[in-house]
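K.L.:
Got a structure for you, written out below as C-alpha cells; questions coming shortly.
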Amino acid sequence: MYSMLSLEYSALVTVLSIVHDRRFNLGPLVDQYAETRFNYPFASPCLVRSFTRLLASPSDPETSRKLRATFKVVRHILKFITHARGQQKVKEADIGITRSSSGFGRQLRQIFKALEGMMRTTAPILVGSQTLAVQHFHTWLPELTGLLSREQILHIAIDFMDSCALVKGKLILYKLVLIINYSRMDLFAQPEQMKAIATNTARWILPHWGKTTEVTEQWREQVRLCCSILAIQMNNLGPEIPVYIPKIVDSYLTLRTGEVKSQTRLSLLFPTAYPFPSKVIAEKAEFDEALVELSAVLSSISNLPAGMQLELAEGDMATLIEGLLNIHLSILECEAFPQNWLSVRIFHHKSTLKTLEYLASILLDGFLPHPDDAEEYNAELWKAFFTTLLKLVGSDSLALETFPEQKRRAVWKIAGDVRENGAELLRRTWEFIGWDTTPEERQKYALAKMGGYQVQYVPALVGPILELCLSVHEGLRRVAVEVLQTMIVSEWTLSEDLSAIQTGIIECLDQLFKSKPLTESILQKLFINELFTLFDNLSRNPDDPLYNAIKDLIGTTDEFLDLLVAVNSTDVTGEASHMIHRLRLMEFLRDMQKEDIFIRYVHQLTELQTNAGNYTEAGLALRLHADLYQWDPSKILPPLDEPDFPAQSHFDRKERIYFDMIKNFEEGEAWSSALSAYKELQYQYEDNVFDFSKLARTQRAIATIYESISKADKIVPKYFRVIYRGMGFPQSLRDKEFVYEGSPNERTSVFTDRMQEQHPSAQIVTAGDIDDVEGQFLQISSLSPHRDLAHHVFQRSKVPQVIRDYLLSANPRYFSTTSRRTTSGPISDHSAEKIIYTTVDTFPTILRRSEIVSVDRYKLDAHQTALERIIRKTQEMTAVEKRIADGEDEIAPLLVEALTISVDPNSESSIARYRELLPNPIQSEDEEGEIVELGPIENALKIALIDHAIMIKRCLAMFAKSPNLLSQDDLQHYFEQTFASELASLQIPQPSLSNTSPGLVPGWTLSPSSSKGDLMNSSQGHLALPHSQSFTNGTIDTSILDSPDHTRATGASKRLSSFLNRNMNVDQENRPPKKENRKSFFSGNGLSMNGISITHKDRGRKEAVDDFAISEENDLSHSMEDSKEWITQSDLSVQPPQGNYTTSNLGNGRRSSSSQRRPGTTGTGSSQGIGGLGMGMGIGMGSNGSGFGGSVRKRFSVLRLGKKASTVGSGLSGDVTEE
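Counting in the working numbering, the sequence shown runs from 1162 upward without gaps.
Here's what the structure looks like:
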C-alpha cells in the first residue's frame, strides 16, 4: 500500500511538473480542473501523508530529488488537498459523521513544521530544496485559506521566515524577496496583519544591511532589497523607524566610500524580484541605484507624520546625527543620483529641510550647553548642521528666478519656498548659539546675541554665508547679511582684526566664480549696501577703528567683485581688454597675498597665451610665478594641486618654472628674454649650487642663442602707435595713446585690419583733429625703437646689421620717428627733429602693448643728423645689394646710380660730404698733422663713413665681376678718390675706444626716468644726443661688439656668385628655370635698360643731388615691409655748383622744381668729372645725348621691396636732381 501511494504521488508530481513548464502555460487549466472537475473526497489524507514522508528525510539523495520536484508544484497539490478536504467534509456530513477536523489541521501543520526543520538544517545537499521552498512559499499560503484561518496562515508565514534566519548566500536574497511578497499579499492586507508583518520585518532584515567590512555585490543587492521592503511598508512604519535609521545611515555611508561609475544600464529601482531587471539608457550616467534608493527611503521617512523618532544615548545620538547630516549633504551635492534628475533633487531639498528642522530641535535641547559648561559644546556637530543648512538654502535648484516658467512652477509645486523656511531656521539656530549682549553692545551694534559659540565658525562659514549674501532671494539675503554682521563684530571683539574674514570672502568669491555663472544679484552687489547699513551706528564716530576696518573690508570686497565680474563677463570686447582685467585681478591677488589663487590664474593666463600662439607672452606670465620664489635649495614648499607641483625646494620649483619659461621665449624668438633667464640660471649653477653639468648645458644654450641672432635676417618686431579718439571708447582707452607690438614682418595694413576686428565700430583716420566727439576713431602709424646714437655699437665698424639691431632695439621702452629734416645749405646747418615716445612698460609685455606716458621733441644737430643719415643710407643700400645678390637683377641700375652719387667727389648729395664735420689735423710748422682726439659722436661719424665705404667697396667688387659694366674703372677711380681717408684707415689697426674717446659714457645702461633738461646741452645751444641715461632701449651685453666681422651666410654668397657669373659661358645649365628667359642687366655689348641704349659716351646728364632716401621713418625695415615701396623725402636741397649744370628752366642760377617744369621737358648739357660719367652708365637717349629722365629718388620711389619689378620704366622723365 505504501509503495503504491508513493508511485501515485510521484506520477502526480511528474504530471504537474509538465504543467509547471513555462513553455506550455497549462497552470490555469489545472486550476480550472481542480475547481470544477476534481472530485476525490478522500484524496487529501493520502496527499498529506505523502508530502509529510518526503519532508521526513530531506537529506536522502533520492528523497531530496523528489522533494525538489514537489516544491515546484506544491501550490497545485495544496489546491487539490483543499478541494478534496472540502469534498470530504460534505461527504461526511451526508453520511452523518460530525467529527472534529482538528486532526487534519494538525497533520497539515506538521508539513510546515517539517518544512521549517528543513530550513534550519545547514547541510549543503539541502540548499537546492531550501531555495525552491523560499522562492515558492508565498504562493502556497493563499491555497490554505480554505483550510486555515488568516491568523493561522500568518503564524505559519512568520514561523517559516524565522526558520530562515541562518540562510546564507543567494538564499538571503530570496528570503528578502519573500518578505517583499509577504508585504504585497492581499492575504495580509488588513491593518492587523500588515502591522504584524512590519513589526517582524525589522527583525528579519536586521543582519542583512548596515555596517560591513567589505562591500560586495551581494551585500549591495541585499541593501537594495531592504530598501524595497521599507518602500512597500512605508505607510505602516511606526516604532520600527528608530531601528531602521541607523541601518540606513550605516549602509549609505559605507556605499558612499566606493567609486560611483558611469553606467549604460539602469536596473529597476526598488526591485521586487531577483535577479533585478534592467534596461539600456540613452547615454552614460553616473549613479548608484543603492544610494538612490537609500536616499529616497530616508527622505520618505522624514516626511512621515511619526517622524524619525530617534531615541539613543547622547554619544550614539551625536554619531547618528552627524551621519544623517553627512548623508543629506551628499544628497544635496548629487552624489547619489545625476544632477539632471530635477524632480528627485527638489523632493530631497524639501525632505532635507524637514530633517534639519527635526535635528535642530534635538540639538537645541540636548547639545547646547550652558556657557559655564562651554567645553562640552560639540562644535563639529553644529558645524555639520550649519554646513548642511547653508548648502540647502544656497542650492541652485531652488533659484526660481533663474528658471523658465514651466520649471519654476514645477519646483514650486514640489517643494514650495524652501529658502524662506531655511532662512528662518538659520536665523533661529544661529541666534541660539550666540550669547546675550550687554546693553552697551546692544546699543552699539543693534544685536541681541553675538559671540559665544558663533566665533568658532569664523572663518570656516564665512564663505557659505557670503554666497547667500549674493542671493536674489530677499529674505535669505537679509538673514545672511545679519549673520555676516555678527561674524564681523565677534571677530573684531575677539582679535581686533578682520583679515580672517577678508580671506574667507576672497576664497569664497574665487570659488563661486569658478563654479557658477554670473547672476543679476552678483552684478548689482546688493549686499554691499545692506551690510554697510547695519553699521550705521558706528558711522557716527568716523574714527572708530571697527568702522574703518569695515570700510576697508567692504571696499576690498567691492573691488574684488568688480575684477571677478570683469574677468568672467562675456560682454568684454577684445582680447586685450580681457587680458587687462585678468592682470589687474592677478595683481590684486598678489597684493592680498593669496598665492594659491594667484598661481592658478598665472597658469590659466599662460595656457591662454600658448593656445593663441603668443609664446613670448606665455613666458612672461610664467615669470610672475617664478618671482614668488627664491633661489634657495634648503626651503621646502608644499605641493600644489592647480597646477600640479610636488613638494620641493624653492630652487627646484623656480628652476622648473624657468625651464618652461625659457622654452616659451625660444618658441617666440624673444632672444633677449631667453638670454636673461639663461644667465640667471648660469649664475645660480656657478655660484649657488655648483652644478657644473647644468652650467655647461646652460652655456651651450646661450651660445646657440647668440648664433641664432647672428644668422637671423630680421629680429626686431614691428611697433605701431595707436591713438583712441571718441566717446565711444571706454574710459580706459579714450584719448590715450599706446604702442603695440607686431611681428617682425607685419605690415601696417595687416595690423590695421587686426585693430579693426577688435573694434568693428571704429573708424580708421589718418591724421588731423577729429571734429566729431561721438563714435570711435583710431589713428594708426608705425614707429621704430629709438636708436641711441651714443651707443657703444656705433664706435665699432663692421658690425652686422642684425647684431646692431638686436643691441639697439632689444627690450625697447623708447620709440621715435623723425620729422622736419633740414638738409639744404651748408653741412654744418643740417638738422632734424626727433619725436620720442616713452611707454610705461619695457617690451615685450604680456599685453603686447604699453601706454605712451610722454612725447618729447628733440632737435638733432648737424653731427647727429649726419650720423643718422649715413647709417640709414648704408643700411638701405646694403638691403638693395642683398636683393640683387638674391637674383633681382632689375633693380641693379638703381644701385649703380646710388653708388655713382656716393662716389662723386663733386656731388653735394654724396655721403662723403659729412667728412667736413670731422676736425682737421692741426698743422704744425713742419706741416705734419697731429692726431686729433675725437669725441664719441665724431668717432661714431667716422666709423659710419668707414662702414659706408666698406659697403661701396663690396658693391663695386660685385659689379667688377661683370664684363658688361663699361664704367667700372671710373667708379673705382672716383671711389678711391672720394673715400681715400676711409680706405686708408682700413689698412691700419683701429685705434682703441679709450684712445679715441676717453670720456665716452657707456651707452647700455637704462635709467628709469629722464627729463628734457637732462638732454639739453646749454653750452652748445642745441640738443645733445640722447644718451644712455635717457633713451637707451634695454640692457644688452656689449662684449660681442669687439668680435671680428662675420661674412654672409654661405647660401647668400653662392647666390651672389651665381648672379655675377650669370652671363658668362660657365655653368649655363645651373641657371634657375624661372630666369632662363630673362635678359640680364649685365648682358649685351653695353648697359641696356628697357630699350635705352647706354654707352660709355653718353655722359650728358645733370648731377644728381638728391639723397638715396627710402623711408621717411628712421628704420628702413619698417618702411620697406609696411608699404613695400620706397617713400622718399627731401634730405638735401642745395644749389648746384656754378658751371656744372645747365637746365632749360633755370634762371638766375636757381633751379626749378618739378612742378614748374612742363611734361616731357628734359635737361641737356654737359658736366665735369663724374658728371660726364652719366651715373657710371652713360645714360643717353638719341644722338643728342639728352639726360636720362627721372631722378634717382623718383626711380627708387617706385621700387617695391619684396617683389621683383618686371621692368624699370623707360618713360621716366624729369631732372635727376629733382627732389
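From the three backbone atoms N, C-alpha and C, an ideal C-beta is built for every residue, glycine too.
Flag this pair as yes or no: are the beta carbons of S1344 and I1406 separated by less than 7 angstroms?
P.N.:
The answer is no: Cβ separation not under 7 angstroms.
K.L.:
Look at the Cβ atom of I1818, then the Cβ atom of A1787, and state whether they are nearer than 7 angstroms.
P.N.:
Taking 7 angstroms as the Cβ cut-off, I1818 and A1787 qualify as a contacting pair.
K.L.:
List the residues that DSSP assigns as beta-bridge partners of S1810.
P.N.:
Per DSSP, I1797.
K.L.:
Using the C-alpha atoms, what's the distance from E2058 back to M2119?
P.N.:
Going by the C-alpha atoms only, they are around 15 angstroms apart.
K.L.:
So, are the CB atoms of F1976 and H1952 less than 7 angstroms apart?
P.N.:
Going by C-beta atoms, F1976 is not nearer than 7 angstroms to H1952.
K.L.:
At which residues does the alpha helix (DSSP H) containing I1482 begin and terminate?
P.N.:
Here the alpha helix (DSSP H) through I1482 covers 1475-1493.
K.L.:
Give the secondary structure of Q1268 by DSSP, where H, G and I count as helix, E and B as strand, and everything else as coil.
P.N.:
If DSSP states are grouped into helix, strand and coil, Q1268 belongs with the helices.
K.L.:
Quick one, which of A1607, E1304, R1908 has its alpha-carbon nearest T1599's?
P.N.:
Per the Cα distances, A1607.
K.L.:
So, at 8 angstroms on beta carbons, what are the nonlocal neighbours of F1185 in its own chain, with the 5 sequence-adjacent residues on each side left out?
P.N.:
So the list reads I1179, once near-sequence residues are dropped.
K.L.:
Return the CA-CA distance between G1555 and H1634, expressed in angstroms with no decimal places.
P.N.:
Going by the C-alpha atoms only, they are around 10 angstroms apart.
K.L.:
Identify, in the order they occur along the chain, each residue of the same chain with its Cβ nearer than 6 angstroms to the Cβ of D2002, setting aside the five sequence neighbours on each side.
P.N.:
Answer for D2002: S2011, listed in chain order.
K.L.:
Taking the alpha carbon of S1958 as the point to measure from, which residue in I2107, P1987, E1643 has its own alpha carbon closest?
P.N.:
Ranking I2107, P1987, E1643 by Cα distance to S1958 puts I2107 first.
K.L.:
Taking the continuous beta strand (DSSP E) assigned at Y1790, which residues delimit it?
P.N.:
First-last for Y1790: undefined, no H or E at that position.
K.L.:
Would you decide whether L1416 is buried or exposed? Buried here means 16 or more other CB atoms lie within 10 Å of its CB.
P.N.:
When all chains shown are included, L1416 counts as buried.
K.L.:
Whole angstroms are fine: how far does the CA of V1623 sit from the CA of K1331?
P.N.:
Distance between the alpha carbons of K1331 and V1623 is about 51 angstroms.
K.L.:
Does the pairing of the region 1786-1801 with the region 1828-1836 give three or more beta-carbon distances under 8 angstroms?
P.N.:
Short answer: they don't touch.
K.L.:
Per DSSP, what are the beta-bridge partners of S2011 in this structure?
P.N.:
Paired residues: V1900.
K.L.:
Report the option in L1334, I2113, L2147 whose CA atom is closest to the CA atom of F2136.
P.N.:
Considering only alpha carbons, the answer is I2113.
K.L.:
Mind checking which residues open and close the beta strand (DSSP E) that includes Q1424?
P.N.:
1423-1428 is the extent of the beta strand (DSSP E) around Q1424.
K.L.:
Among N1849, K2103, A1773, D2130, whose alpha-carbon lies nearest the alpha-carbon of A2145?
P.N.:
The shortest Cα separation from A2145 among N1849, K2103, A1773, D2130 belongs to K2103.
K.L.:
Over what stretch of residues does the alpha helix (DSSP H) that includes P1189 continue unbroken?
P.N.:
Note, P1189: alpha helix (DSSP H), 1188-1197.
K.L.:
Which same chain residues, not among the five before or five after I1988, have their C-beta less than 8 angstroms away from its C-beta?
P.N.:
Excluding residues within five positions, the ones whose Cβ falls inside 8 angstroms are A2023, A2027, R2074, Y2075, E2077, L2078.
K.L.:
T1999 and V2014 look like a contact to me (Cβ under 8 angstroms); what is the Cβ gap, rounded to whole Å?
P.N.:
About 6 angstroms separates the two Cβ atoms, so the contact holds.
K.L.:
Residues in the same chain with beta-carbon distance under 6 angstroms from A1451, minus the five sequence neighbours each way, listed in chain order, please.
P.N.:
Hits under 6 angstroms: R1381, V1384, R1385, L1416.
K.L.:
Whole angstroms are fine: how far does the CA of I1340 sit from the CA of V1295?
P.N.:
Computed Cα separation, rounded: 10 angstroms.
K.L.:
Would you please state the rounded distance, in angstroms, between the beta carbons of K1233 and P1202? I believe it to be under 8 angstroms.
P.N.:
The Cβ separation is near 26 angstroms, so there is no contact.
K.L.:
Return the CA-CA distance between S1171 and S1461, expressed in angstroms with no decimal places.
P.N.:
S1171 and S1461: Cα-Cα distance of roughly 50 angstroms.
K.L.:
Can you tell me whether DSSP reads A1446 as helix, strand or coil?
P.N.:
DSSP places A1446 in strand when its eight states are reduced to three.
K.L.:
Going by other Cβ atoms of all chains shown within 10 Å of its Cβ, with 16 needed for buried, is N1342 buried or exposed?
P.N.:
When all chains shown are included, N1342 counts as buried.
K.L.:
Can you give me the C-alpha to C-alpha distance between H1509 and P1807, rounded to a whole angstrom?
P.N.:
Near 40 angstroms, if we compare the C-alpha coordinates of P1807 and H1509.
K.L.:
Leaving out the 5 sequence neighbours to the left and right, which residues in its chain are closer than 8 angstroms to A1467 when beta-carbon positions are compared?
P.N.:
The answer, listed in chain order, is L1398, G1399, I1402.
K.L.:
Mind checking T1374: buried by the 16 CB within 10 Å criterion, or exposed?
P.N.:
When all chains shown are included, T1374 counts as exposed.
K.L.:
Could you compute how far the alpha carbon of I1482 sits from the alpha carbon of F1546?
P.N.:
Cα to Cα, the separation comes out at about 9 angstroms.
K.L.:
Quick test of the definition: if touching needs 3 or more C-beta pairs under 8 angstroms, does the region 1493-1503 touch the region 1440-1448?
P.N.:
Yes, they touch.
K.L.:
For A1326, does the three-state DSSP call read helix, strand or coil?
P.N.:
Three-state result, A1326: coil.
K.L.:
Under the assumption that L1517 contacts L1550 (Cβ atoms under 8 angstroms), give the Cβ distance between them as a whole number of angstroms.
P.N.:
L1517 to L1550, Cβ: 6 angstroms. Contact.
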